[in-house]
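Novice:
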Amino acid sequence: MYLTDEERALLEARSEVSGESMAKILVDCALHPVSAGEGVDSGGVHELVAQLRDYRRQLVGVTTNLNQIAHHANATSEVPADFAAVVAEVHQLHDDINAILVGVRR
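In UniProt numbering, the protein residues as written are 1 to 106.
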């Protein structure tokens, strides 16, 4: 099976979030039809996935900026008091988005 770089990245993210192997995820997807749940059509699911992917990309940009702030803080020995809490929140949001994507893709 051949995957695009984006497909492989999504599969790896789903594997990491779910704790399942990539092979198991692929087998499950092949043997079980995708269900969007009640009240959500397949077009809505695709739109939701696109929005979540965009949101996740934005979070990656934010975390890059936070990393730059951390480097500056290390150089100047000045760290905002709530910096650790902000970083933890960004990581939690990223994990939440990945979990939503996994749920939509099942």
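All residues carry an ideal CB built from backbone N, CA and C; glycine is no exception.
Just reading off the alpha helix (DSSP H) that VAL27 is part of, what are its end residues?
Specialist: Per DSSP, VAL27 belongs to the alpha helix (DSSP H) from 22-31.
Novice: List the endpoints of the continuous alpha helix (DSSP H) containing residue 162.
Specialist: The requested residue 162 does not occur in the structure, where the chain is confined to residues 1 to 106.
Novice: Just to confirm, are VAL17 and ALA99 a CB contact at a threshold of 8 Å?
Specialist: Cβ atoms of VAL17 and ALA99: closer than 8 Å.
Novice: Cβ of VAL79 within 8 Å of Cβ of ALA85?
Specialist: Not a contact, by the Cβ cut-off of 8 Å.
Novice: Using C-beta distances below 6 Å, list every residue in its chain close to MET22, excluding the 5 sequence neighbours before and after it, in chain order.
Specialist: These residues qualify, in order along the chain: LEU11 and SER15.
Novice: Which residues in the same chain have their Cβ closer than 8 Å to the Cβ of MET1, if we skip the five residues on either side of it in sequence?
Specialist: Hits under 8 Å: LEU26.
Novice: Mind reading off the beta-carbon distance from VAL90 to LEU66? Whole number of angstroms is fine, and I expect it under 8 Å.
Specialist: VAL90 to LEU66, Cβ: 6 Å. Contact.
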